[in-house]
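Here the protein sequences line up with chains R and V, keeping their order. Each residue of the first sequence is one higher than the one before, counting from 8 in our numbering. Each residue of the second sequence is one higher than the one before, counting from 59 in our numbering. Reviewing the structure listed below.
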Amino acid sequence: MGLLSKVEIYRPRPSPLHWWEPRYKLMGFVALILAFANVRDWRLILPMLAITAALYRLAQLPLLFLLQRLRYPGLILLGLVAALPFVAGETILWQGGGLTLRQEGCLALLLISARFISIMTLGLLLLATTPFVTLMRSLRSLGLPSLLVDMTLLTYRYLFDLGETLHTMQTALRLRGFGQQQRLRLGPLAALAGSLLIRSYEQSEQVYRAMRLRGYGSLQRFSTSTERRSPWHWLGFIAILLTALGFLSANFWLSEL
Amino acid sequence: MHIADGMVSAPVCLVGYGLTGLTTWLSLKQINHTAEPTQGVPKAALLTAAFFVASLIHIPVPPASVHLVLNGLMGVVLGYYAFPAVLIGLFFQAVMFGHGGLSTLGINAVIMGLPALVAAQIFRRGRRLLQRAPRWGLGCSAFGAGAIALALSVLLFSSIVVLSLPANLDATIERAAILTLGLAHIPLIFLEGIFTALLALFLDRVKPELLKD
Chain R
8 MGLLSKVEIY RPRPSPLHWW EPRYKLMGFV ALILAFANVR DWRLILPMLA
58 ITAALYRLAQ LPLLFLLQRL RYPGLILLGL VAALPFVAGE TILWQGGGLT
108 LRQEGCLALL LISARFISIM TLGLLLLATT PFVTLMRSLR SLGLPSLLVD
158 MTLLTYRYLF DLGETLHTMQ TALRLRGFGQ QQRLRLGPLA ALAGSLLIRS
208 YEQSEQVYRA MRLRGYGSLQ RFSTSTERRS PWHWLGFIAI LLTALGFLSA
258 NFWLSEL
Chain V
59 MHIADGMVSA PVCLVGYGLT GLTTWLSLKQ INHTAEPTQG VPKAALLTAA
109 FFVASLIHIP VPPASVHLVL NGLMGVVLGY YAFPAVLIGL FFQAVMFGHG
159 GLSTLGINAV IMGLPALVAA QIFRRGRRLL QRAPRWGLGC SAFGAGAIAL
209 ALSVLLFSSI VVLSLPANLD ATIERAAILT LGLAHIPLIF LEGIFTALLA
259 LFLDRVKPEL LKD
């Protein structure tokens with residue numbers, strides 16, 4: 008399962024972002040992500056990208072890591088909005104060869120791309136500086152229903168196993184000659200997916216029995232006292248929150264001009 | 059068919075999260091009404107993982123290949139667990155592959171998850187309606203569930219993307235874009251419906267309890 012090998016995003020580093028208490032980090036990043044999603048004026052593009060770059064630098068992660076993560080979704084996004092400079096807006100910048108380049112469309116493309124890069128980077132920073140289980144524990148302590156947290160953690164746990172199972176089953180199909188001709192044969196593929204569902208269902212019954220034996224459903228499983236005591240944690244949160252509020256106000260002020 | 063980070067504005071993201079929160083709460087409320095709510099958790103989690111992995115299967119449609127969405131099938135198999143399952147699946151897709159995004163997780167869950175709940179109802183009611191011919195009834199209900207779920211998702215996706223772009227598009231261009239996106243997905247809607255029907259028939263033959271209410 009080549010794709011599933013990309014799962015582990017957490018990269019341990021001795022950086023302030025890694026050390027930051029996960030709940031404050033989560034709340035701060037969510038506020039900043041929402042503030043960036045609200046940016047509608049092109050004059051805020053540079054400050055937004057600058058803050059994103061500063062946070063990325065603070066996390067001490069390699070640039071290649073970010074570029075690899077941005078490449079594929081970036082291409083999909085570009086495919087969706089690439090036509091905007093030619094179809095959206097009224098102010099004509101250039102005309103020729105049957106094409107008309109419009110200012111509003113160009114600005115919209117710039118804005119969407121900058122928001123995409125900034126928000127994707129912030130999401131990546133959150134996951135690359137916090138172990139997945141710690142993140143889920145923080146979400147639980149912030150009020151996410153336990154059923155949803157349990158489902159997420161179990162899905163995460165078995166994603167790798169089922170990925171391997173599918174890989175084995177696909178190899179077996181190929182060895183028996185399936186897929187040699189480029190023909191649409193839905194029956195065997197439906198049986199393949201069906202077998203995967205049945206295997207996971209049967210496995211889930213064993214997992215449930217094992218979980219019950221270990222006290223699942225009767226105990227408080229997560230301790231919520233994960234707070235590391237230092238004023239820097241909430242000071243960092245206040246700083247991020249003020250930055251987010253600054254962007255919201257600047258956006259409002261610029262749109263009123 | 060995911061809305062990427064940055065494509066839609068903050069109010070759209072917030073509305074998406076609001077609707078997702080409400081639907082998740084309603085789903086969990088229904089789940090908590092069952093005799094033993096925790097019993098369904100491992101089943102739903104492992105099936106979520108299986109759906110996630112199964113959606114990576116390439117379907118050869120010469121000269122290219124496509125991936126199926128399988129949200130209709132999730133509704134058919136998981137019932138009220140389908141919405142949380144879609145939400146979790148989308149979260150992993152955003153985290154692992156960058157499909158969708160964290161800011162647009164709510165709106166993407168609405169696009170994929172609400173049709174999954176509709177599919178669950180279509181399947182249950184369709185089966186009940188056509189119970190005189192059980193195999194045909196099962197196949198037709200599953201086809202309807204799979205095809206309608208994807209059609210609804212395409213409609214929601216196209217409308218949200220086109221109507222929330224931060225540039226003034228001409229109304230004619232907006233309508234044309236939505237129509238083009240919709241028409242381009244018609245073969246996939248049929249493919250999804252047929253695949254869901256075949257899979258439901260396979261499950262009915264091998265493990266019928268997976269399709270029970």
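We put the CB at the ideal spot given by N, CA and C, even for glycine.
For I165 of chain V, the closest of V:V124, V:A178, V:C198 and V:V144 by C-alpha to C-alpha distance is V:V144. For A207 of chain V, the closest Cβ of chain R is not nearer than 8 Å. Interface annotation, D48 of chain R: not in contact with chain V, CB-CB separation never under 8 Å. Each residue's CA atom was taken as its position, placing F141 of chain V and D63 of chain V some 21 Å apart. Any Cβ of chain V closer than 8 Å to the Cβ of R30 of chain R would place that residue at the interface, and such an atom is absent. Cβ-Cβ separation between S211 of chain V and P173 of chain V: approximately 5 Å, consistent with a contact (criterion under 8 Å).
Counting only unbroken stretches of 4 or more residues, the alpha helix (DSSP H) elements lying wholly within the segment 95-151 of chain R are 110-135 and 139-148, in sequence order. In the DSSP assignment, P118 of chain V is bridged to V:S123. With a threshold of 8 Å between beta carbons, V140 of chain R makes no contact with chain V.
By the C-beta criterion, the segment 71-88 of chain R is judged not to be in contact with the segment 33-43 of chain R, since fewer than 3 inter-stretch pairs fall below 8 Å. In the structure shown, the three-state DSSP call for F155 of chain V is helix.
T238 of chain V is classed as exposed because its beta carbon has fewer than 16 other beta carbons within 10 Å across all chains shown. The beta carbon of T250 of chain R sits no closer than 8 Å to any beta carbon of chain V. The C-beta distance from S262 of chain R to D48 of chain R rounds to 6 Å, short enough to meet the 8 Å contact threshold. Buried is the label assigned to K32 of chain R, since at least 16 other Cβ atoms lie within 10 Å of its Cβ.
Bounds of the alpha helix (DSSP H) holding E232 of chain V are A229 to A242. CA-CA distance, F253 of chain V to G201 of chain R, rounds to 10 Å. For C71 of chain V against L41 of chain R, the beta-carbon gap comes to about 7 Å, under 8 Å, which counts as contact. The C-beta distance from V134 of chain V to L269 of chain V rounds to 7 Å, short enough to fall under 8 Å. Legend: CB atoms of the segment 161-183 of chain R lying less than 7 Å from CB atoms of chain V belong to residues L161, T162, Y165, L166, L169, G170 and L173. Taking CB atoms only, P95 of chain V has a neighbour in chain R less than 8 Å away.
Chain-ordered, the chain R residues with CB closer than 7 Å to the CB of S67 of chain V read A44, N45 and R47.
Where R182 of chain V is concerned, the enclosing alpha helix (DSSP H) starts and stops at L163 to L187.
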